[in-house]
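Undergrad: Structure provided below as structure tokens; questions to follow.
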Amino acid sequence: MENNNRKSGTGVSRRGSWLMMLRSLREFKKDALLTPITVMGEVVFEALIPYEIALLVNEVKAGCGLDRILHYAGILLLMALCALACGYVAGITCARASCGFAKNLRQDVFYQIQEFSFGNIDRFSSASLVTRLTTDIQNIQNIQMAFMMLVRTAFRAPFNLLASFFMAWYMGGRMALCFLVVIPILGYGLYKIAVLSVGLFRKGFPQYDALNYKVEENIKGIRVVKSFVREETEIAKFDGTARKVQAIFTKGERYVALNNPLMQICIYGVMIFLLTQGSRLIVTTRGRLLDIGQFSTLLTYSFQILGSLMMLSMIMVMLTFTEESVQRVREVLEEASTLTSPADPVKTVRDGSVDFQGVSFQYEGSTGEPVLQDITLSVRSGEVVGIVGGTGSGKSSLVQLIPRLYDVTAGSVQVGGVDVRRYDLETLRENVAMVLQKNLLFSGTVADNLRWGNPHATRAQLEEACRWACADEFIRRACADEFIRRLPKGYDTWIEQGGTNLSGGQKQRLCIARALLKRPRILILDDSTSAVDTRTDRAIWDALATALPGTTTFIIAQRLSSVERADRILVLDKGRIHGLGTHAELLRTDGIYQEMARSQNLLEKEREKEGTLHG
Amino acid sequence: MAERKNIFSWKKAWRFFRTLWGFYPRLLPGILVLIFINAGILSLPGIFMQKVVAVLERAWNQQLPWAAVQPEIYGYVRILALLYLVSLLANVTYNQLLAVFNQGSLAKFREKLFTHMETLPLGYFDRHQRGDIMSYYTNDVEALRQMISQSFPQLCVTAVTLTVLLAIMLYYSLWMSLVVVGGSLWSVAITRKVGGRSARYFMEQQHTLADCEGFMEESINGGRVIKVFNHEGAARAEFDRVNQALFDVSCKANQYSNTLMPILNNVSYLIYIVVAACGGLFLEKQVPNLSFSGLPFSLAVMVPFLGMSRQFATNIQMISPQINAMVMGMAGAERIFGLLDEKPEQDSGTVELRPLEEGTGGRHWAWVLPGHGEKEELRPLQGEVHFRHVDFGYEKGKPILQGISLDALPGQKIALVGATGAGKTTITNLLTRFYDISSGSITYDGIPLEQIRKGDLRRSLGMVLQDTVLFTATVLENIRYGRLDATDEECVAAAKRAGADAFIRHLPQGYATVLKGAGAGLSQGQCQLLAIARAAVADPPVMILDEATSSIDTRTEQIVQRGMDALMEGRTVFVIAHRLSTVRNADQILVLDHGKIRERGTHQQLLAQKGMYWQLYTGAFELE
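Those protein sequence lines, which keep their order, are chains G and E.
With the first sequence counted from 1, adding 33 to any position gets you our numbering.
With the second sequence counted from 1, adding 55 to any position gets you our numbering.
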């Protein structure tokens, strides 16, 4: 998977990535353009102000009257106000542009992920998609900081540099040449420091991640740590990693700490050069080339010039840090969905019949044996089909082909006599309800979650679906005890993210109810009652039979008792059909089914025996 | 967030400082001295530059040749160069030392946090979410880093610079000083107002960001469900809502903070103008000067003020954000101290566990009871456990267990059966003393449980837990986690006993395969087999097994079961049973309901009672 990602990332220049990101500016383009323009205005005024101050100082020194001072002060005030206005507008537009950019980028990525098929999600993995949407965009949004810096400071710094240099040149003449010596030295030094430290920090981050992972692992596994009395060894391991982090980051920070002295050396050098040479120039030329006011202004400019260089090097460091995040977000944006509706889709599903014709299936990127091989199976509308088989026999893969969560590698799957690839995806999935093995509820109330199945469902419909799924007993039934089995506020009970405040069996039953609310033509239960006791399992079964008589139902289960009453049972083994028939038939003919029955029925028989013993 | 305000106290700051000082008793004062020296020196060059300019003016006015002023100017420049050199040396040294100090202190804080965290009782981890505990290590330590490496030294420099500037200004003129200070305070007021608003929005932004990220995380993790239910449209709409909210607040926050800089920058020019105007006014009106130098108002007094006014204003403006950063850093420090102040697990036990030398075959242990002034007593470890009328609750008034009594004789298998939340796991948590009982008593080989040292107690109890936790390490190291001095052969033997050997050999590097991400890449059953092997290598006399086989397919379940059975042989075992086949051959079955033991007896006896157990057994109740 990582390989694939890398492949898609290479070949295009990094600058290209940035340009692609900038596409997300959209309605904020105006702001993004206005920012550098206003920044330019601000910089020009700011460059002029020291010049104006120099004039003022000269006036003061010349011992002129208050009115002259006020005259210059007035001009200065005007300039300061102009600079303020430009700077203010720049600040506003820059915030809009950068926040807007982040907002749109987040939206682009999120929408893109909504388009993803199961195959796409597999390729990235959910965890990695979450990181890309959160951490990486956050990083780029710190390009909101960096972007702000990029637009604001990055435009500002070179402008400032040029404007100040121009003014210094204008005022100091040959004196300004000293900057031509200092700037390359400083620039090279800052660049070198940035490269060295960024390299070290890059090396340090995996260690830092390992450190945090160690903490997480210990919080999660604190029972294990404590029960094996391994606190000391864990502390030793942690200390080891902490020391490594310390060593690398100290080194990196020591490089960065050179920035400041380097700056100072340059400033001090320029100062001393200006003081000695400038003084000589003023005295010997009698102010023809340089007067005192200009001289002190030159000192001001020298600070500004070197300061903007410092900013430039900071931006460079920030950009290098975000480069990887940009790359990772870009991969998501460029990933094409592997499943789309056809151009002229079928928009109605005739009935709930399902036909598998010579179906083979293999997950993208996997090698070796296909997950499913040469499956041919016809299921009548309204039929109940049980599917059993060991882990990895292809049960889940088979049913996922029905709502076209994946496309077949060979052969075809037909629903209602039409190839699933010809349907409008939404139509198809509207008619096929599936309770996934890893069932998930979302933060919200119980009713909110149920309405996923049907947004317009009335309370009565919710209650009906819950009754069928045997979920009403813990939602509504008022028990005397204070125990977690009952939901305190019924349908308005808030479900935590991931449904952590429900038991496994409760979650499964809610998920079934949610699927039933869709009133589907085809219902697929993928190991959906594993945490439910046999009595409830049976009750759900009965309810389904009476409530949804015309619905084609596929039931995947580990427990044979969950499928034994199905019209037909499919036994899968290593992706192939091993047996097909009723419970009674398979007990006679199918080896795998017999074995499963033997291991599971042991208990049943015992029970019967005890029943006769004590009954 | 709001409660973070006004929490700055000198007591806490002092504690933090003392801790840092404790880390580096010599380095910290050294750095501080260097910072102060550097800041002090840096406020001096202005004076000498002014002197050079004064000389130039004299030369200008008196038409002096270069040769006449050169020695004087070069003299000042030489002093300047010297000052620069000293400052540079101080700067390089303290910056380098600070890097060492900063990272070193962070590492020490991390180690302190982790070391302390490992001693905390289990209750702490139950009460706090993982993310919250993690944020001590990430956000709070980061806040410390900012404070130690940036805000604090900057604040020192600023403070010194301001003091020196104020002294120089007062030397020249009190009136002008008042003008400068007044103007600067005005700009501080602006900073506080605009900056305060910005800070408020930034805090709001943190909340909105958390909401937004929470939503994104949930919808991506539930991406498959969204697809199955055609819920993409609704997800987009909801996303747009949170995303827009985030944009609104973050845009405001950044707008305030962005406009602050140009405002301050230009306010400093305004101050400059005001100073120039006031100076001109004072000169013209011949206002009598008040100063330490006793100089009358003149150009020589006024001109330095022009330069100093901006310097003063910029420095004073810098204090506000620095103090903000300091307060955030202190909040981080306070949270860290909060964790460090959490009470660690108490252990007043005196009874120790000691291996017996003459052990053959299995390993034998004995409790060492300290005698009263006499010889210590050795009592062989047998694994006999008695609970007498034990009550327990995590919180007062909410009992979880009530009146639990049970007797486990050496080698007996005790099965705990009951619904989720009935208190099965809690009983085992009391035995390991993860929690302490509220009343009643527990004895272990006749010794009251609280008299046994916790470490030794736990070493005598092997545990296989429902949520298997493996660590980032090789398979072999994960097994050896059970007993650190186990040889490779012993680990492999344990794996064989647990039935894990077969799949381990099929891993890419066999026993040397590195497990990442808590055993990602292994199936749940395989993780469990490793956990069993880990307990097997520890070879403890008493075992606690929390079976979880509901999500494992039947074939793996059989293998896991065989592993568990091997582990149970010849030991006292407490087993939290999810599979009734485990229960059947137990010596005692305890049926728990709402924290009380409702039924007890053997399988046969309980079935005969036709009570709860019988109902469970016939599938009328669910266990999970």
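Beta carbons are placed, not taken as given, at the ideal position from N, Cα and C, and that holds for glycine.
What you are looking at is a predicted structure, and each value in this text was computed from that prediction instead of being measured.
Using a Cβ-Cβ cutoff of less than 7 Å, which residues in the same chain neighbour residue 416(E) once the five nearest sequence positions on both sides are dropped?
TA: Walking along the second sequence from the start, residue 416(E) turns up at place 361. With a pLDDT of 48 at residue 416(E), under the threshold of 50, the modelled position of this residue cannot be trusted; read the value that follows with caution. Nothing listed; no residue qualifies.
Undergrad: Within this structure, are the beta carbons of residue 315(E) and residue 249(E) separated by less than 8 Å?
TA: Counting from one through the second sequence, the residue named residue 315(E) turns up at place 260. Counting from one through the second sequence, the residue named residue 249(E) turns up at place 194. Cβ atoms of residue 315(E) and residue 249(E): closer than 8 Å.
Undergrad: Can you tell me whether residue 465(G) is buried or exposed, with buried defined as 16 or more other CB within 10 angstroms of its CB?
TA: To locate residue 465(G), count along the first sequence from 1; it is residue 432. Buried, since its Cβ has 16 or more Cβ neighbours within 10 Å.
Undergrad: Are any of the Cβ atoms in chain E nearer than 8 Å to that of residue 294(G)?
TA: Position 261 of the first sequence holds residue 294(G). At least one chain E Cβ lies under 8 Å of residue 294(G).
Undergrad: Just verifying my parser: in three-state terms, what is the DSSP assignment at residue 597(G)?
TA: Numbered from its first residue, the first sequence carries residue 597(G) at position 564. Residue 597(G): coil per DSSP, three-state reduction.
Undergrad: Could you work out which residues of chain E lie near residue 6(G), taking near to mean beta carbons separated by less than 8 Å?
TA: With chain G running from 34 to 648 in the structure shown, residue 6(G) is simply not present.
Undergrad: Strictly under 8 Å for the Cβ-Cβ distance: is residue 268(G) near chain E by that measure?
TA: Stepping through the first sequence from its first residue, residue 268(G) is reached at position 235. Closer than 8 Å: yes.
Undergrad: Below 8 Å on the Cβ atoms is my guess for residue 273(E) versus residue 530(G); work out the distance and round it to an integer in Å.
TA: Translated into positions along the second sequence, residue 273(E) becomes position 218. Translated into positions along the first sequence, residue 530(G) becomes position 497. That pair is a contact at about 6 Å.
Undergrad: Given this structure, state the Cα-to-Cα distance separating residue 423(G) from residue 628(G), to the nearest angstrom.
TA: What you label residue 423(G) is simply residue 390 of the first sequence in a count that begins at 1. What you label residue 628(G) is simply residue 595 of the first sequence in a count that begins at 1. Taking the straight line from one Cα to the other gives about 11 Å.
Undergrad: Whose C-beta lies closer than 6 Å to the C-beta of residue 167(E) among residues of the same chain, with five residues either side of it excluded?
TA: Along the second sequence, read from residue 1 onward, the residue named residue 167(E) stands at position 112. Nothing meets the Cβ criterion.
Undergrad: If we ignore side chains and look at the alpha-carbon of each, how far apart do residue 78(E) and residue 212(E) end up?
TA: Against the second sequence, residue 78(E) aligns to sequence position 23. Against the second sequence, residue 212(E) aligns to sequence position 157. Computed Cα separation, rounded: 23 Å.
Undergrad: Taking all protein chains shown into account, decide if residue 640(E) is buried (16 or more other Cβ within 10 angstroms of its Cβ) or exposed.
TA: Locating residue 640(E) in the second sequence gives position 585, counting from the first residue. Residue 640(E) should be labelled exposed.
Undergrad: Going by the C-beta, is residue 182(E) closer than 7 Å to any heavy atom of the ligand NAD?
TA: Here there are no bound small molecules, and the ligand NAD is not part of this structure.
Undergrad: With DSSP as the reference, label residue 342(E) as helix, strand or coil.
TA: Sequence index remark: in the second sequence, residue 342(E) carries index 287 (1-based). Reduced to three states, the DSSP call for residue 342(E) is coil.
Undergrad: Is the shortest distance between the beta-carbon of residue 385(E) and the beta-carbons of chain G less than 8 Å?
TA: Along the second sequence, one-based indexing puts residue 385(E) at 330. Not one chain G Cβ lies under 8 Å of residue 385(E).
Undergrad: Starting from residue 239(G) and walking both ways along the beta strand (DSSP E), at which residues does that stretch end?
TA: Counting from one through the first sequence, the residue named residue 239(G) turns up at place 206. Not the beta strand (DSSP E): residue 239(G) falls in the alpha helix (DSSP H), residues 210-253.
Undergrad: Using 8 Å as the Cβ pair cut-off and three pairs as the minimum, do the stretch 368-381 of chain G and the stretch 440-460 of chain G touch?
TA: The answer is yes - the stretch 440-460 of chain G touches the stretch 368-381 of chain G, with three or more Cβ pairs under 8 Å.
Undergrad: Less than 8 Å between the CB atoms is what I'm expecting for residue 137(G) and residue 233(G), so what's the real figure, rounded?
TA: Mapped onto the first sequence, residue 137(G) falls at position 104. Mapped onto the first sequence, residue 233(G) falls at position 200. Actually they are not in contact, since the Cβ atoms of residue 137(G) and residue 233(G) sit about 34 Å apart, beyond 8 Å.
Undergrad: Out of curiosity, what's the CA-to-CA distance linking residue 175(E) and residue 630(G)?
TA: Looking up residue 175(E) in the second sequence gives position 120. Looking up residue 630(G) in the first sequence gives position 597. If you take the alpha carbons of residue 175(E) and residue 630(G), they lie about 48 Å apart.
Undergrad: Got a sec, what are the start and stop residues for the alpha helix (DSSP H) residue 668(E) sits in?
TA: Within the second sequence, the letter at position 613 stands for residue 668(E). That run of the alpha helix (DSSP H) goes 667-672.
Undergrad: Any C-beta of chain E within less than 7 Å: which residues of the stretch 447-477 of chain G qualify?
TA: Cβ contacts with chain E come from 459, 462, 463, 467, 469, 473, 475, 476.
Undergrad: For residue 514(G), does the three-state DSSP call read helix, strand or coil?
TA: Within the first sequence, the letter at position 481 stands for residue 514(G). Caution is warranted here: a pLDDT of 34 is assigned to residue 514(G), below 50, making its placement in the model unreliable, and the coordinate value is therefore given only provisionally. Residue 514(G) falls in the coil class under three-state DSSP.
Undergrad: Just to check my reading of the structure: residue 584(G) and residue 555(G) have Cβ atoms closer than 8 Å, yes? What is that Cβ distance to the nearest angstrom?
TA: The count along the first sequence starts at 1 and reaches residue 584(G) at position 551. The count along the first sequence starts at 1 and reaches residue 555(G) at position 522. With 8 Å as the limit, residue 584(G) and residue 555(G) qualify as a contact, their Cβ atoms being about 7 Å apart.
Undergrad: Compare the Cα-Cα distances from residue 492(E) to each of 305(E), 669(E), 446(E) and report the closest residue.
TA: If you number the second sequence from 1, residue 492(E) lands on position 437. Here the closest residue by C-alpha is 446(E).
Undergrad: With the cut-off set at 8 Å, would you say residue 612(G) and residue 402(G) are in Cβ contact?
TA: Mapped onto the first sequence, residue 612(G) falls at position 579. Mapped onto the first sequence, residue 402(G) falls at position 369. No; because the gap between Cβ atoms is not below 8 Å, this pair is not in contact.
Undergrad: By the three-class DSSP mapping on this structure, what secondary structure does residue 447(G) have?
TA: Numbered from 1 along the first sequence, position 414 holds the residue referred to as residue 447(G). Strand, per DSSP.
Undergrad: Would you tell me roughly how many angstroms separate the C-alpha atoms of residue 296(E) and residue 160(G), rounded to the nearest one?
TA: As a working note, residue 296(E) is residue 241 in the second sequence. As a working note, residue 160(G) is residue 127 in the first sequence. About 23 Å.
Undergrad: Going by C-alpha distance, which of 587(G), 623(G), 92(G) is nearest residue 600(G)?
TA: Counting from one through the first sequence, the residue named residue 600(G) turns up at place 567. Nearest C-alpha to residue 600(G): 587(G).
Undergrad: Taking residue 224(E) as the query, report the chain G residues whose CB atoms sit under 8 Å from its CB, ordered along the chain.
TA: Within the second sequence, residue 224(E) is the residue found at index 169, counting from 1. Within chain G, no residue comes near residue 224(E); the closest Cβ sits about 17 Å away, beyond 8 Å.
Undergrad: Just to confirm my understanding: we take residue 78(G), look at its own chain, exclude 5 residues before and 5 after, and list those with CB closer than 6 Å. What are they?
TA: Stepping through the first sequence from its first residue, residue 78(G) is reached at position 45. Within the same chain, residue 78(G) has close Cβ partners 112, 115, 116.
Undergrad: Look at the alpha carbon of residue 356(E) and the alpha carbon of residue 332(E), and state the distance between them as a whole number of angstroms.
TA: Locating residue 356(E) in the second sequence gives position 301, counting from the first residue. Locating residue 332(E) in the second sequence gives position 277, counting from the first residue. Taking the straight line from one Cα to the other gives about 14 Å.
Undergrad: Mind pulling the chain G residues with CB within less than 8 Å of residue 286(E)?
TA: Taking the first residue of the second sequence as 1, we reach residue 286(E) at position 231. Ordered by position in chain G, the residues that pass the 8 Å Cβ test against residue 286(E) are 485.
Undergrad: Taking a contact to mean a Cβ-Cβ separation below 8 Å, would you say residue 570(G) touches residue 594(G) in this structure?
TA: Indexing the first sequence from 1 puts residue 570(G) at position 537. Indexing the first sequence from 1 puts residue 594(G) at position 561. Closer than 8 Å, so yes.
Undergrad: From which residue to which residue does the beta strand (DSSP E) around residue 601(E) run?
TA: Here the question's residue 601(E) lines up with position 546 in the second sequence. Counting along the chain, the beta strand (DSSP E) containing residue 601(E) begins and ends at 597-601.
Undergrad: Spatial neighbours of residue 202(G) within its chain, please: C-beta separation below 7 Å, excluding the five flanking residues on both sides.
TA: Stepping through the first sequence from its first residue, residue 202(G) is reached at position 169. Around residue 202(G): 209.
Undergrad: Whose C-alpha, out of 207(G), 348(G), 296(G), 467(G), is nearest the C-alpha of residue 146(E)?
TA: Translated into positions along the second sequence, residue 146(E) becomes position 91. Checking every option, the nearest Cα to that of residue 146(E) belongs to 296(G).
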